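**Q**
Protein chains in written order, with the numbering used here: chain A, 885 to 1382; chain B, 268 to 633.
1) DSSP puts residue 1165 (chain A) in a beta bridge; with which residues?
2) Could one say the Cβ of residue 465 (chain B) lies closer than 7 Å to chain A's Cβ atoms, at least one of them?
3) Could you say which of B:347, B:343, B:587 lies nearest to residue 490 (chain B) if we only look at CA atoms?
4) Between residue 1138 (chain A) and chain B, is any beta-carbon pair separated by less than 7 Å?
5) Which chain A residues sit within Cβ distance under 9 Å of residue 293 (chain B)?
6) Going by CA-CA distance only, name the one from A:1150, A:982, A:1192 that's closest to residue 1176 (chain A).
7) For the alpha helix (DSSP H) that residue 1119 (chain A) lies in, which residues bound it at each end?
8) Excluding the five sequence neighbours on either side, which residues of its own chain have a C-beta within less than 6 Å of the C-beta of residue 1373 (chain A), listed in chain order?
9) Name the two residues that bound the continuous alpha helix (DSSP H) containing residue 1182 (chain A).
10) Report the CB separation of residue 1074 (chain A) from residue 1043 (chain A) in whole angstroms; it is logged as a contact under 8 Å.
11) Quick one: give me the first and last residue of the beta strand (DSSP E) that residue 311 (chain B) is part of.
12) On a Cα-Cα basis, can you pick out the residue from B:632, B:567, B:535 that is closest to residue 578 (chain B)?
13) Please state whether the Cβ-Cβ distance between residue 351 (chain B) and residue 416 (chain B) is less than 7 Å.
14) On the criterion of 16 or more Cβ atoms from any shown chain inside 10 Å, does residue 1296 (chain A) qualify as buried, or is it exposed?
15) For my contact list, residue 1098 (chain A) and residue 1349 (chain A) are in at a C-beta cut-off of 8 Å; report their separation, rounded to the angstrom.
16) Using a Cβ cut-off of 7 Å (strictly closer), state whether residue 1133 (chain A) contacts chain B.
17) Under 8 Å by Cβ, that's how I've got residue 305 (chain B) and residue 620 (chain B) pegged, so tell me the actual separation to the nearest angstrom.
18) Please compile the residues from chain A whose C-beta is within a distance smaller than 9 Å of the C-beta of residue 239 (chain B).
19) Check whether the region 930-943 of chain A and the region 1017-1036 of chain A touch, using three or more Cβ-Cβ pairs below 8 Å as the test.
20) Among all the DSSP beta bridges, which residues are the ones paired with residue 451 (chain B)?
21) Please report the straight-line C-alpha distance between residue 1067 (chain A) and residue 978 (chain A), rounded to a whole angstrom.
22) Quick check: the region 1216-1235 of chain A against the region 1366-1381 of chain A, are at least 3 beta-carbon pairs closer than 8 Å?
23) Would you kindly work out how many angstroms separate the C-alpha atoms of residue 381 (chain B) and residue 280 (chain B), rounded to a whole number?
24) Could you tell me which whole alpha helix (DSSP H) segments of length 4 or greater appear in the region 996-1022 of chain A?
25) Under the three-state reduction of DSSP, which class applies to residue 497 (chain B): helix, strand or coil?
26) Could you give the distance in angstroms between the alpha-carbon of residue 1331 (chain A) and the alpha-carbon of residue 1202 (chain A)?
27) Assuming contact is defined by CB atoms lying nearer than 7 Å, are residue 1112 (chain A) and residue 1039 (chain A) in contact in what I supplied?
28) According to DSSP, simplified to helix, strand and coil, what is residue 517 (chain B)?
29) Closest by CA to residue 606 (chain B), which one among B:482, B:498, B:286, B:300?
30) For a contact meaning CB atoms closer than 8 Å, what does residue 1204 (chain A) contact in chain B?
31) Are the C-beta atoms of residue 574 (chain B) and some chain A residue less than 7 Å apart?
32) Which residue from A:955, A:1109, A:1363, A:1263 puts its Cα closest to that of residue 566 (chain B)?
33) Do you know offhand how far residue 432 (chain B)'s Cα is from residue 447 (chain B)'s?
34) Per the DSSP calculation, residue 1343 (chain A) is bridged to which residue(s)?
35) Note down, in chain order, every chain B residue with its Cβ under 8 Å from the Cβ of residue 1144 (chain A).
36) Take residue 1371 (chain A) as the anchor and find which of A:914, A:1135, A:1266 has the nearest alpha-carbon.
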C-alpha cells in the first residue's frame, strides 16, 4: 500500500483549553478527492487550517508523504505542497489576475508583459478561461475561484484544500468547477473538499470523512454512503449528555404577531424571505453558514439595509418599519444581541456598568442629553445581580471578563432597553457550559414574561432545547417551519441542506 | 403634494403601499393537509353557505335549501332566487339572502319579512348573515355597492371599497348601517358588545359597535377572509376562500393593467384569485419546479386555496386547516360546528367536508 500523501495522527487543537478538534486520525491518499463534512463547529475548518499552516496543533502530529511536518505558516505549508483555497477568497481585488498569480514570487525586476504571457500560458494549460489582464474585482465568483485554484497549482501544490468552494457558484459554474477538480485529480493532485452540500460530496468525492463536535466519526468510501447515512453521522450525538439532553416536552402557545417579515431581499444574502415572530414564544432559527439568518435579523433591527428597490417589508406590531440605523429600532423595542460580541457587542475598555448604561442611553437618545454617573452605577448593579455576572466589581473592564460574563454584559446592555422583541444571534458561542445554562434560563424567562424571542444558532441541540417553533433557513430564505414537538435533528438538517 | 411624491417614489422603489409583499403562512397558519384529507359528506352543483341549529347542518345550494341528514341531503325549501347567505334563527326560522339583493325570513316568528335596502341604498351583494347576540336583529354584510355577488373578482380588481355592515331589526323591520366603506365585507359575527366583520380585500377582521369602532381584531392575513361562525368552547371559525400571492398583489397595484385585463380577457383566465383552479392550461400561474441539490421541488403559486382558521375569543389564531395548492378542496366560504364536528363548504370543489374537532385539536394543539 502506498504512503498517504498527508496524514494526521491524534491531532488535537485547543483554543484557550477548549478543544476544537480532538484526537483526529485522518489520511489523504494520492490523487484522491476526499470530502470533509460535518455541522458548523464540527472542526472541519480547524482541521484543514492545521494542514494549511494557518494554525498549529496543540498535540498529535502531521505527516507529509510519511515524513513528519509541522507547517507554522501558510508559506511553509505551500513549500510542502499544500495549498488552501478559502471560502472568502484571498486575492487582492485591485490587482490583475496575473499579478495575483505571481504575488509573492516577484523578482528584482518584473516585466509586466512577461508576467502576463506566463500567466496566459499557464491559465491556458489548465483550460481556464480567464484573461490575465483583468482586474480581479471585476471577476465573478467562479472566475475568482479559478484564479485561486490556478495559484495553488502554480505553486506546485500536491494537496489542495477547498473550503466551501461551491457556496457562491451558479449551477453552471459548479459543473465547470467539478470538471476542474476532476482534471486536477487526473494530474495527480489530492483534493480535500469541505461542503455542506451533501449531494456534491456524494457526487464528486472518492472518500468521505464525517466530523462531529471536533471528533472523527467515520471515514469510508463514498459508494458506501448515502445522504441519510451522512446526516445520521453528522448529527448522531449522544443527547443524554450535558444541558442539551432534555427534549422539549411542551411548547408555549403564540401570542400576538410581533414581527412580520415579508419578501425581504438583501443583495445575494437574503432572497425573498418571509417569517413571523410571536410574543411569548422562542422562535429558533437554524441554518448553515450563509443561509442569511443573521442578515435577515440585522435588517429587521436596522444594523443592515435591505435592497433599495423592492426590498420587501417589515412590520413590527402591524406597523410598517424601515430602519436605516439601529437607534430607532431600539426605541421601537427591538434588541439585537450580536453574534460577534468582541467587535459589535461592547466597548471593551469601558466598565461593566458603563457598557450596560450605554444600552439605556441608546434607547433614550436625545431624552438623555446629560449622562448620569449615579444612573450608570445603579443600572450596572441591578443587571450584574440580575444576570449573575461574575466580576470583582461593576467597574471592571469588560475585556477582563470571561467569554460567558462578557456575553451576559452584552445581553444586559440589550435588556436594559426593555425590548419587546429580542434577537439572540449565536448567544452561547464561545461561552462555557455554566454560563450557557444561565443564558438559556434567561432566554426562557424572557419568553415566559411574554417577550418575543428569536434565537439564531448554528448548534442544533441548542435550537432544539430552547425553541417553541423552529424556522430553518437555506440559501437566504426560510424554507421550513417545525413545532418544537415535531422537530428532529434529522428533519431540521435535511431541510437546511436540501 | 408630499403624499403624491411619496406615492410616486413608493411605486418606483416598490415600497410601502406599492410593495407587492405577502405575509407568510407560518405559526398558527402553517400549512397542513387536514382539509384535503377531510371526509366528503356531500357534493352539490352550487353550494353557497352553511348554517346549523346545533343538531343539524343546513346547506344553501343554488335555489335549494337542504338539511344534511345521516342518509344524505333532503330539500327543505325551493326559493325563487339563488341563496347567497344563510342563517338559522333561534326561533326555528331561516334568514336567507336571495340573489345578493334581498333578505327574507323563512319560517319562525318572523316568517315572510324581507328587506331590499338599507340607509336608502339597495342591497347588491349580500353574502353573509348572522343573528345578533340577543337574537333580536340580524347582522348582514353587503360586499359591494358596485358589483353583484357573483362578480366578486371584478370588485377586487377594481379595488372596490363599497362594502357595508347592516343591522336588521327582526321585530320592527327597521334597518341600520353600522359601517360602510369596507373593502368587501364578507362575513360577520357578534362578539360580546362588538360585531366582527371580515374585510376581504384588506385581509383583516375589524370590530364595530364596541368602545372603539373600527378596531382591528386581526390584520395582515395572507389570505382573503370570508365568513365567521361561532366555535364550540368559545372563539370562531374563520374561512378564507383563497390565498394571496405576490403576482396578484403586483397586478392589483397596476390599475391600468387591471382595467385592460377586465376589458379584454375572459374572467376565468385573469391573473386573479379563483375558488378553484387547474381546469385548463389557459389559466395563468400553472407552476414550475426548482432543482435544489439534485432534488426536484415542484412549486406553484396558489391560484386557489382552501383554509379555515380557528380563532380564540381574543381573535388570535389557534390553529388552521388547509387544502394546499396541489389539493382540490379550495374556495372555502363557510364552516359551522355541529355536534363535535366541523362542516366545511369548499365552494371551489362543490363539496361539504366533515372533520371531528377533537381529533383535529389532538393533532394540532400541543
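Virtual Cβ for every residue (Gly too), placed ideally from N, Cα, C. Predicted, not measured: the structure shown is a model, and the values here were computed from it.
**A** This is what the structure gives:
1) A:1336
2) no
3) B:587
4) yes
5) 1158, 1159, 1160, 1353, 1355, 1362, 1365
6) A:1150
7) 1111-1119
8) 1119, 1344
9) 1177-1184
10) 5 Å
11) Counting along the chain, residue 311 (chain B) falls outside any beta strand (DSSP E), and DSSP gives it neither H nor E.
12) B:632
13) yes
14) buried
15) About 20 Å; that fails the 8 Å criterion.
16) no
17) 4 Å
18) The question about residue 239 (chain B) has no answer, for chain B in this structure spans 268 to 633.
19) no
20) Answer is none; residue 451 (chain B) lacks a bridge partner.
21) 29 Å
22) no
23) 51 Å
24) 996-1009
25) strand
26) 20 Å
27) no
28) helix
29) B:498
30) 283
31) no
32) A:1363
33) 6 Å
34) None; residue 1343 (chain A) has no bridge partner.
35) 290, 291, 487
36) A:1135
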